[in-house]
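A.B. asks: Taking the UniProt record's numbering, I'd label the letters of the sequence shown as residues 1 to 295.
Virtual Cβ for every residue (Gly too), placed ideally from N, Cα, C.
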Amino acid sequence: MIAGAGGDPFSGAFLPLSAQHEIQTALFRHLAQQGWSMSAPVVLTGGRSNYVWRSGDRVVKLYREGCQNPLFANEWGRERSVLLALNGTGMAPRYLAHGTWQGQAWLIYRHVAGSRWHEDAGHVARLLGILHDQTALPDLPAGRNGSRALTEQTREILAQCSTDAGLVSMAPRGVVPPTSQVCLIHGDPVPGNLVAHDGTLTLIDWQCPQLGDPAEDLAMFLSPAMQHLYRGRVLSSEEEAQFGLAYPDRRVVARYYALKPWFHWRMAAYCAWRGDREACDLEVAELQSSRLRSP
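#1: Alpha carbon to alpha carbon, how far is L211 from L137? Give it in angstroms, no decimals.
#2: Measure the CB-CB distance between I23 and Y63 and report whether it falls below 8 Å.
#3: Are the Cβ atoms of G143 and I185 separated by less than 8 Å?
#4: Name the DSSP bridge partner or partners of W53?
#5: Assuming P248 contacts G129 (C-beta within less than 8 Å), just tell me the rounded distance between them.
#6: Assuming P214 contacts H132 under a Cβ cut-off of 8 Å, what Cβ separation, rounded to an integer in Å, is found between them?
#7: Under 7 Å Cβ to Cβ from A73, same chain only, skipping five residues before and after it: list those, please.
#8: What residues are listed by DSSP as bridge partners for V195?
#9: Are three or more beta carbon pairs between the stretch 215-227 and the stretch 271-284 nearer than 8 Å?
#10: On the criterion of 16 or more Cβ atoms from any shown chain inside 10 Å, does L84 qualify as buried, or is it exposed?
#11: Output needed for T179: all residues of its chain with C-beta closer than 6 Å, excluding positions within five of it in sequence on either side, in chain order.
#12: Throw me the rounded Cβ distance for the L96 and R110 pair, which I believe falls under 8 Å.
#13: If you draw a straight line from the alpha carbon of residue 297 to that of V195, how long is it in whole angstroms?
#14: Report the rounded CA-to-CA distance for P16 versus R250, giving the unit in angstroms.
#15: Between the alpha carbons of G275 and G35, how many angstroms are there, rounded?
#16: Do you know offhand how far A40's Cα is from A26's?
#17: With distances taken Cα to Cα, identify the nearest neighbour of S115 among L259, L31, T200.
#18: How long is the line joining the alpha carbons of L127 and Q134, rounded to whole angstroms?
#19: I'd like the list of long-range same chain contacts for F28, defined as Cβ closer than 7 Å, with 5 residues on each side in sequence excluded.
#20: Check this for me: beta carbons of V175 and R148, under 8 Å apart or not?
#21: Per DSSP, what kind of secondary structure is S11 in: helix, strand or coil?
#22: Using the Cα positions of residue 306 and Q33, report the straight-line distance between them to the nearest angstrom.
#23: Tell me R233's beta-bridge partners as DSSP assigns them.
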């Protein structure tokens, strides 16, 4: 869905390329006036939420407002806070500057040269384990915690769907209580947000970090819908097992498996909200499979 040329450039769908070019020209003129003169910016197409350009070793992100996503927040302030907090760790890009243009926030950070993650799930598990051991940021919002909170969130998503594909009746049974072991979580550690370079990994797109259950990050990475969307195929059972063995905290892995039905149910609802039936079916299949494996 593409907004018309006369629409609000920050009110939902991306504008046509001609209108985006006008935004680019005006924004980079503004940045030059702020002392950030950059030449030959190139549009980066991987992002699904904001306008993003690369100019040399810098990335410029212009945040779009008005896009209400029921699962993934898009808050520049959170991204700025995390980039500053993780500076020097290699887990996030290096923060350079931020400001506003025509009432919209922009952020500049150092480009991470590399390629999208596509293999070695154990490496991702180890990275997430290190991330979850970092000092939590007190200004981050709390994430959904426990099966009841996940159920409430999933029902909120389904209420926004034009059709629920029968998902309401698939609600998992039982109760998994909230954990007190909350920490800094990325919130969206999918393959598209993992850059492989120099034998290591860096997480990008920090728009929705939370103070939350670390099992959330495990679920997001292992999601068959997200793997299919960004990598073109789901993880094999061997890759999932490799991930579970490599994550350093057995308690978090056990909690992920306890909450697995709720995570798949929520992601199926999100895919239904997006209108992606194939991805929804992948999550439903895993939800049904987890039910069969339950005692």
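C.D. replies: Reading it off the structure:
#1: As a first step, residue 137 must be located in the sequence shown, where it is residue number 137. As a first step, residue 211 must be located in the sequence shown, where it is residue number 211. Each residue's Cα considered, the two are about 7 Å apart.
#2: Against the sequence shown, residue 23 aligns to sequence position 23. Against the sequence shown, residue 63 aligns to sequence position 63. For I23 and Y63, no; Cβs fall outside 8 Å.
#3: Taking the first residue of the sequence shown as 1, we reach residue 143 at position 143. Taking the first residue of the sequence shown as 1, we reach residue 185 at position 185. Taking 8 Å as the Cβ cut-off, G143 and I185 qualify as a contacting pair.
#4: The residue given as residue 53 occupies position 53 in the sequence shown. Answer is V43, V60, bridged to W53.
#5: Residue numbering aside, residue 248 sits at position 248 when the sequence shown is read from its first letter. Residue numbering aside, residue 129 sits at position 129 when the sequence shown is read from its first letter. The C-beta separation of P248 from G129 comes to about 4 Å, placing the pair in contact by the 8 Å criterion.
#6: As a working mapping, residue 214 is identified with position 214 in the sequence shown. As a working mapping, residue 132 is identified with position 132 in the sequence shown. That belief holds up - the Cβ atoms of P214 and H132 are roughly 4 Å apart, short of 8 Å.
#7: To locate residue 73, count along the sequence shown from 1; it is residue 73. For A73, where only same-chain residues beyond five positions count, the Cβ hits under 7 Å are Q207, C208.
#8: Taking the first residue of the sequence shown as position 1, residue 195 is located at position 195. Beta bridge pairing from DSSP links V195 with R116, T202.
#9: yes
#10: Looking up residue 84 in the sequence shown gives position 84. Counting the other CB atoms within 10 Å of its CB gives L84 a total below 16, which places it among the exposed residues.
#11: What you label residue 179 is simply residue 179 of the sequence shown in a count that begins at 1. D213.
#12: Taking the first residue of the sequence shown as 1, we reach residue 96 at position 96. Taking the first residue of the sequence shown as 1, we reach residue 110 at position 110. Taking a contact as a CB-CB distance under 8 Å, the pair L96 and R110 counts as one, their CB atoms being some 6 Å apart.
#13: Missing from the structure shown is residue 297; the chain here goes from 1 to 295 and no further.
#14: Along the sequence shown, one-based indexing puts residue 16 at 16. Along the sequence shown, one-based indexing puts residue 250 at 250. Those two C-alpha atoms are separated by around 48 Å.
#15: To locate residue 275, count along the sequence shown from 1; it is residue 275. To locate residue 35, count along the sequence shown from 1; it is residue 35. Distance between the alpha carbons of G275 and G35: 43 Å.
#16: Counting from one through the sequence shown, the residue named residue 40 turns up at place 40. Counting from one through the sequence shown, the residue named residue 26 turns up at place 26. When only Cα atoms are considered, A40 and A26 end up about 14 Å apart.
#17: As a working mapping, residue 115 is identified with position 115 in the sequence shown. Among L259, L31, T200, the Cα nearest to that of S115 is on T200.
#18: On the sequence shown, position 127 is the one that residue 127 refers to. On the sequence shown, position 134 is the one that residue 134 refers to. Distance between the alpha carbons of L127 and Q134 is about 11 Å.
#19: By 1-based counting over the sequence shown, the position of residue 28 is 28. Counting only Cβ-Cβ distances below 7 Å, and skipping sequence neighbours, we find M38, P41.
#20: Taking the sequence shown and counting its residues from 1, the one referred to as residue 175 is at position 175. Taking the sequence shown and counting its residues from 1, the one referred to as residue 148 is at position 148. For V175 and R148, yes; Cβs fall inside 8 Å.
#21: For the purposes of this step, residue 11 is taken as the residue at position 11 of the sequence shown. Because S11 carries a pLDDT of 35, less than 50, the predicted location of this residue cannot be relied on, and no value is offered for it.
#22: Outside the shown range of the chain (1 to 295) lies residue 306, about which nothing can therefore be said.
#23: Sequence index remark: in the sequence shown, residue 233 carries index 233 (1-based). None; R233 has no bridge partner.
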